[in-house]
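Undergrad: The structure's right below; bear with me while I get my questions together.
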Amino acid sequence: MSEKVQQFASDNYSGICPEAFEYLVQANKYHEQAYGEDHWTARVCDRLRSLFEIDCEVFFVFNGTAANSLSLASLCQSYHSIICHEMAHAETDECGAPEFFSNGSKILVGSGENGKLTPESIEKLVLKRTDVHYPKPKVISLTQSTEVGTVYTREELLDIRNMADKYSLKLHMDGARFANALARMGSAPKEISWQCGIDILCLGGTKNGLAVGDAILIFDKALAEDFEYRCKQAGQLASKMRFLSAPWLGLMEGDVWLKNASNANKRASDLGRYLSEIPDVSVMFPVEANAVFVEMPQQIIQALHDKGWHFYTFIGEGGVRLMCSWDTSAETVEFFIADLKEVV
Ligand SMILES: *Cc1c(COP(=O)(O)O)cnc(C)c1O
3 MSEKVQQFAS DNYSGICPEA FEYLVQANKY HEQAYGEDHW TARVCDRLRS LFEIDCEVFF
63 VFNGTAANSL SLASLCQSYH SIICHEMAHA ETDECGAPEF FSNGSKILVG SGENGKLTPE
123 SIEKLVLKRT DVHYPKPKVI SLTQSTEVGT VYTREELLDI RNMADKYSLK LHMDGARFAN
183 ALARMGSAPK EISWQCGIDI LCLGGTKNGL AVGDAILIFD KALAEDFEYR CKQAGQLASK
243 MRFLSAPWLG LMEGDVWLKN ASNANKRASD LGRYLSEIPD VSVMFPVEAN AVFVEMPQQI
303 IQALHDKGWH FYTFIGEGGV RLMCSWDTSA ETVEFFIADL KEVV
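Here the sequence shown is numbered in the working numbering, starting from 3 and rising by one per residue.
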């Protein structure tokens, strides 16, 4: 068993990117107002508004679970329901936080190939029951890029928006890896968010190179009413807010967030290509962002673990999940493939 410098278990195994780190240092020089009244937070909010080309409301919370569940709670009453893919983080990895923070809104799980919810699946859930005895569907939650490393195209997003309009549903996007989707698509941020009718975007920072923290962008300002109270009550209002907000400047200046995401995507695509050439190993989903899912025999999985590689086998539909990070190096990919070739 050898010590690995980098792992494929998750993109949150990585550290802080230097550009973001530099802003932690900058924001540490002087006293500042607390609870988000500081000038760093104002600067970052403005920067996000110009990046997304819209005058939206912006909030910062400690993690993605809080971002998703507080956003979803703000879109729902307790008697409403939230439609998401069966593999969605909100359903499988948030310990019931969306239901908890919404005081009981029910999650209804839909399906679709490659981790993507389809308009048909949404409609089926909406029409399954329309009586008062069943929680009324109110929000669709989409993950971009998805839990299995695929990316909704703009057309797919617009089709879902049409379905949402048909039944007066709001649209939430879990963008823990929004940057990876954006880097893949080469679009402007607005083109795959509010211009596709996304009402609230949870924009992930942690997996993109921050120490901690995700941003919530509420495009329809009316939906942001009292949102700061929701954050505070949930224990998500940072008193030294500048340390959550300022590092975003490091990500946004010079498009570092896209460079970070592109590196992760590139490593995943290389890894996927190498893996597809190895007998006994099969790639499960198209590699469109920074995740590669593969099926391989149990003894090979064990042999890789024995060689010191960490990765999960229970996410999505099962199989081995290999995540690349903003700093995953070409060497790490080569080492992994070399170790794998030794054990097959
Ligand atoms: C990582 C992740 C989140 C956020 O998870 P936290 O651990 O709460 O920060 C949200 N959605 C998806 C799809 C994720 O992969």
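Ideal Cβ positions, reconstructed from N, Cα and C, are used throughout, including at glycine.
Alpha carbon to alpha carbon, what distance is there between residue 136 and residue 165?
TA: Along the sequence shown, read from residue 1 onward, the residue named residue 165 stands at position 163. Along the sequence shown, read from residue 1 onward, the residue named residue 136 stands at position 134. If you take the alpha carbons of residue 165 and residue 136, they lie about 20 Å apart.
Undergrad: Could you tell me whether the segment 103 to 114 touches the segment 81 to 89, using the rule of 3 or more Cβ pairs below 8 Å?
TA: The segment 103 to 114, when compared against the segment 81 to 89, does touch it at the 8 Å Cβ threshold.
Undergrad: With residue 249 and residue 15 assumed to form a contact (beta carbons below 8 Å), what rounded beta-carbon distance in angstroms separates them?
TA: Numbered from its first residue, the sequence shown carries residue 249 at position 247. Numbered from its first residue, the sequence shown carries residue 15 at position 13. Contact doesn't hold; Cβ gap of about 18 Å is too wide.
Undergrad: Let me make sure I understand the geometry here. Which of 176, 301, 346 has the alpha-carbon closest to that of residue 96?
TA: As a working mapping, residue 96 is identified with position 94 in the sequence shown. Minimum Cα distance to residue 96 is reached at 176.
Undergrad: Our contact map puts residue 238 next to residue 7 with C-beta atoms below 8 Å; I'd like the distance itself, whole angstroms only.
TA: Position 236 of the sequence shown holds residue 238. Position 5 of the sequence shown holds residue 7. Going by Cβ atoms, the distance from residue 238 to residue 7 rounds to 33 Å, so no, they are not a contact pair.
Undergrad: Do the segment 219 to 234 and the segment 53 to 71 touch if we need at least three Cβ pairs shorter than 8 Å?
TA: They touch, by the three-pair rule.
Undergrad: With a 10 Å radius around its C-beta and 16 neighbouring C-beta atoms as the bar for buried, classify residue 145 as buried or exposed.
TA: Residue 145 sits at position 143 when you count from the first residue of the sequence shown. Residue 145 comes out buried.
Undergrad: In chain order, what are the residue ranges of uninterrupted alpha helix (DSSP H) at least 4 long that sit wholly in the segment 96 to 141?
TA: If we require 4 residues or more, the alpha helix (DSSP H) runs fully inside the segment 96 to 141 come out as 99 to 103, 121 to 130.
Undergrad: Taking the DSSP output, what are the residues bridged to residue 284?
TA: By 1-based counting over the sequence shown, the position of residue 284 is 282. According to DSSP, which records beta bridges pairwise, residue 284 is partnered with 297.
Undergrad: Specify whether the segment 120 to 140 and the segment 181 to 193 touch according to this definition: at least 3 beta carbon pairs, one from each stretch, less than 8 Å apart.
TA: Contact between the segment 120 to 140 and the segment 181 to 193 is absent, because fewer than three Cβ pairs lie under 8 Å.
Undergrad: Using a Cβ-Cβ cutoff of less than 7 Å, which residues in the same chain neighbour residue 298 once the five nearest sequence positions on both sides are dropped?
TA: The residue labelled residue 298 in the question sits at position 296 within the sequence shown. Excluding positions up to five away in sequence, the list reads 282, 283, 322.
Undergrad: Tell me the residue span of the alpha helix (DSSP H) that contains residue 215.
TA: On the sequence shown, position 213 is the one that residue 215 refers to. Per DSSP, residue 215 belongs to no alpha helix (DSSP H) and is neither H nor E.
Undergrad: Please check the pair residue 103 and residue 75, which I expect to be a contact at CB under 8 Å, by giving their CB distance rounded to whole angstroms.
TA: Counted from its first residue, the sequence shown places residue 103 at position 101. Counted from its first residue, the sequence shown places residue 75 at position 73. Yes, they are in contact, since the Cβ atoms of residue 103 and residue 75 sit about 4 Å apart, within 8 Å.
Undergrad: Whole-angstrom Cβ separation of residue 21 and residue 244, contact assumed at under 8 Å?
TA: On the sequence shown, residue 21 is found 19 positions in, with the first residue counted as 1. On the sequence shown, residue 244 is found 242 positions in, with the first residue counted as 1. Actually they do not touch by this definition, with Cβ atoms about 16 Å apart.
Undergrad: Counting C-beta neighbours from all protein chains within 10 Å, is the total for residue 157 16 or more, i.e. buried, or is it exposed?
TA: As a working note, residue 157 is residue 155 in the sequence shown. Exposed, since its Cβ has fewer than 16 Cβ neighbours within 10 Å.
Undergrad: Please go through the segment 210 to 271 and give each complete beta strand (DSSP E) segment of 3 or more residues, from N-terminal end onward.
TA: Whole beta strand (DSSP E) segments, 3+ residues: 216 to 220.
Undergrad: Where does residue 13 sit, in a helix, a strand or coil, going by DSSP?
TA: For the purposes of this step, residue 13 is taken as the residue at position 11 of the sequence shown. Residue 13: helix per DSSP, three-state reduction.
Undergrad: Do you know offhand how far residue 187's Cα is from residue 335's?
TA: For this step, residue 187 is matched to residue 185 along the sequence shown. For this step, residue 335 is matched to residue 333 along the sequence shown. Near 23 Å, if we compare the C-alpha coordinates of residue 335 and residue 187.
Undergrad: Go ahead and pull the three-state DSSP assignment for residue 274.
TA: Along the sequence shown, read from residue 1 onward, the residue named residue 274 stands at position 272. Three-state result, residue 274: helix.
Undergrad: Assign residue 101 to buried or exposed, taking buried as 16 or more other Cβ atoms, counted over all protein chains shown, within 10 Å of its Cβ.
TA: As a first step, residue 101 is located in the sequence shown; it is residue number 99 there, counting from the start. Buried, because 16 or more other Cβ atoms sit within 10 Å of the Cβ of residue 101.
Undergrad: CB of residue 14 to nearest heavy atom of ligand 1: below 7 Å?
TA: Sequence index remark: in the sequence shown, residue 14 carries index 12 (1-based). Residue 14: yes, Cβ under 7 Å from ligand 1.
Undergrad: Does the Cβ of residue 275 have 16 or more other Cβ atoms within 10 Å, making it buried, or fewer, making it exposed?
TA: Stepping through the sequence shown from its first residue, residue 275 is reached at position 273. Exposed, since its Cβ has fewer than 16 Cβ neighbours within 10 Å.
Undergrad: Which residue from 309, 37, 301, 269 puts its Cα closest to that of residue 291?
TA: Residue numbering aside, residue 291 sits at position 289 when the sequence shown is read from its first letter. Considering only alpha carbons, the answer is 269.
Undergrad: Evaluate contact between the segment 148 to 157 and the segment 185 to 199, counting only Cβ atoms and requiring at least three cross-stretch pairs below 8 Å.
TA: Flag = yes, the segment 148 to 157 and the segment 185 to 199 touch.
Undergrad: Taking all protein chains shown into account, do 16 or more other C-beta atoms lie within 10 angstroms of the C-beta of residue 10, making it buried, or fewer, making it exposed?
TA: Locating residue 10 in the sequence shown gives position 8, where the first residue counts as 1. Under this definition residue 10 is a buried residue.
Undergrad: Whose C-beta lies closer than 7 Å to the C-beta of residue 78 among residues of the same chain, with five residues either side of it excluded?
TA: The count along the sequence shown starts at 1 and reaches residue 78 at position 76. Cβ neighbours of residue 78 beyond the five flanking positions: 84, 104, 107, 140, 141.
Undergrad: At what residues does the alpha helix (DSSP H) containing residue 2 begin and finish?
TA: Nothing in the structure corresponds to residue 2, since the chain is present only between 3 and 346.
Undergrad: Express the C-alpha separation of residue 304 and residue 3 in angstroms, rounding to a whole number.
TA: The count along the sequence shown starts at 1 and reaches residue 3 at position 1. The count along the sequence shown starts at 1 and reaches residue 304 at position 302. Confidence at residue 3 is low in this model, with a pLDDT of 45, below 50, so its placement is unreliable and the value that follows should be read with caution. Their Cα atoms are separated by approximately 12 Å.
Undergrad: Are the CB atoms of residue 251 and residue 45 nearer to each other than 8 Å?
TA: Reading the sequence shown from its first residue, position 249 is the one you call residue 251. Reading the sequence shown from its first residue, position 43 is the one you call residue 45. Going by C-beta atoms, residue 251 is nearer than 8 Å to residue 45.
Undergrad: Going by other Cβ atoms of all chains shown within 10 Å of its Cβ, with 16 needed for buried, is residue 307 buried or exposed?
TA: The residue given as residue 307 occupies position 305 in the sequence shown. Under this definition residue 307 is an exposed residue.
Undergrad: With a threshold of 7 Å (Cβ to nearest heavy atom), would residue 209 be considered close to ligand 1?
TA: The sequence position of residue 209 within the sequence shown is 207, counting from 1. True, at least one ligand heavy atom lies under 7 Å from that Cβ.
Undergrad: Assuming residue 159 and residue 202 form a contact by the criterion Cβ under 8 Å, report the distance between their Cβ atoms to the nearest whole angstrom.
TA: As a first step, residue 159 must be located in the sequence shown, where it is residue number 157. As a first step, residue 202 must be located in the sequence shown, where it is residue number 200. That pair is no contact at about 14 Å.
Undergrad: Figure out for me which residue from 313, 330, 280 has the closest Cα to the Cα of residue 343.
TA: For the purposes of this step, residue 343 is identified with residue 341 of the sequence shown, where counting begins at 1. Nearest option by C-alpha distance: 280.
Undergrad: Look at the Cβ atom of residue 266, then the Cβ atom of residue 330, and state whether they are nearer than 8 Å.
TA: As a working note, residue 266 is residue 264 in the sequence shown. As a working note, residue 330 is residue 328 in the sequence shown. Result yes, Cβ atoms of residue 266 and residue 330 sit closer than 8 Å.
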